[in-house]
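Reading through the structure tokens given below for one structure.
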Amino acid sequence: MELRSACRMFLFPIQMLYHVVRASLLALLPSRKKDLTKEVVLITGGGRGIGRHLGKEFAKQGARKVILWGRTEKCLKETAEEITLSGTECHYFVCDVANREEVYKQAKVVREKVGDVTVLVNNAAVVHGKSLMDSDDDALLKSQHINTLGQFWTTKAFLPRMLELQHGHVVCINSILSQSPIPGAIDYCTSKASSLAFMESLTLGLLDCPGVSCTTVLPFHTNTEMFQGMRVRFPQLFPPLKPEVVAERTVDAVRTEKAFLYLPWTMHALVFLKSFMPQVALEEIHKFSGSYTCMNTFKGRT
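Residues in the sequence shown are numbered consecutively from -19, following our numbering.
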């Protein structure tokens, strides 16, 4: 037994090197993309912003049905009509993912009226853009319930059937702020960090579940009305992402079954630097990039 353990310890770094080299080589080669023509896609927060573009992109890439969840019926209806006109069957349901009972109730309605969901996209999120002491307690709770706990309820509602079918995909639209927080958005950064831990744990937990996989998207500041008024010091170096680009790259990551997607790719460097740099150096990076003041003009969604 001791000899076997010693052999495993010896082979472990070799295995890690093999996987790193293999992944690097595969990244240079064109990936085989999954067919979406049999997929039923449900997108939370699907009425506007990134969610709206995700619905249109999944439809464009051939999804059989698209389902939109959100809290504002007007936005959901407009987006659903636009997707339907493109030739893809689209349904919408008013649902607040922060409400556990409502999620379970509407999930049952979806299964009865539309069918089994095979791609779940957890996109719904809110941000208040205030310091801890300036934040209302109810607003803080709201961001945690929607951005984090909402994923618990939607995943519990739809994942069991995916496991039965041995076919499914759980997607989370997260944020780079989950790994590199900024001042002035403490509710959002905290909730996204929790959301990332949830997805990392879920991804590992599904390793032995054939046919079911996960994708976590971590984009930089995206130019949507949710972050209206947010400014960075050097927009030429760090331009905000377009929501349609985030949607396009997300659907592509689903089709290639990519577990984690950083947008843009330079965000990998930020996470790497943070892993070993001293706190003083990190503070200087924040000052240089202007993240200490980028929320001063924040307005958010009107």
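Every residue gets a Cβ at the ideal spot worked out from N, C-alpha and C, and that includes glycine.
Here the alpha carbon of residue 124 sits roughly 20 Å from the alpha carbon of residue 100. Where residue 240 is concerned, the enclosing beta strand (DSSP E) starts and stops at 240 to 243. For residue 166, the closest alpha carbon among the candidates 109, 44, 127 and 248 is that of 109. Beta-carbon to beta-carbon, residue 241 and residue 233 are separated by about 4 Å, close enough to satisfy the 8 Å threshold.
In this structure, residue 38 places its C-beta atom within 7 Å of the C-beta atom of residue 231.
According to DSSP, residue 198 shares a beta bridge with 242. Beta bridge pairing from DSSP links residue 17 with no other residue.
Between the alpha carbons of residue 13 and residue 140 lies a distance of about 25 Å. Residue 55: member of the alpha helix (DSSP H) spanning 53 to 65, first to last residue.
According to the DSSP assignment, residue 226 belongs to the alpha helix (DSSP H) that extends over 223 to 235. Cβ neighbours of residue 147 within its own chain (closer than 8 Å, five residues either side excluded): 98, 191 and 192. The Cβ-Cβ distance between residue 51 and residue 19 does not fall below 7 Å. Excluding five sequence positions before and after residue 156, the CB atoms of its chain that fall closer than 6 Å to its own CB belong to 198, 200 and 247, given in chain order. Residue 22 and residue 59 have their C-alpha atoms spaced approximately 13 Å apart.
In the three-state reduction of the DSSP assignment, residue 103 falls in the coil class. When DSSP states are grouped into helix, strand and coil, residue 192 belongs to the strand group. Look at residue 112 here: in three-state DSSP terms it is coil, with no helix or strand label. For residue 24, the three-state secondary structure derived from DSSP is strand.
The C-beta distance from residue 65 to residue 227 rounds to 18 Å, too long to fall under 8 Å, and the pair is not in contact. Straight-line spacing of the CA atoms in residue 257 and residue 85 works out to 47 Å. Per DSSP, residue 47 is one residue of the beta strand (DSSP E) stretching across 45 to 50. One Cα belongs to residue 83, the other to residue 126, and the distance between them is close to 11 Å. For residue 256, no beta strand (DSSP E) encloses it, and the DSSP letter there is neither H nor E. When secondary structure is reduced to three states using DSSP, residue 162 falls in the coil class, being assigned neither helix nor strand.
The beta-carbon distance between residue 154 and residue 176, rounded to whole angstroms, is 5 Å. This is short enough to meet the 8 Å contact definition.
Residue 153: not part of any alpha helix (DSSP H); member of the beta strand (DSSP E) spanning 148 to 153, first to last residue. Closest in alpha carbon position to residue 69, among 36, 77 and 170, is 36. Here residue -6 is exposed, its C-beta having fewer than 16 other C-beta atoms within 10 Å.
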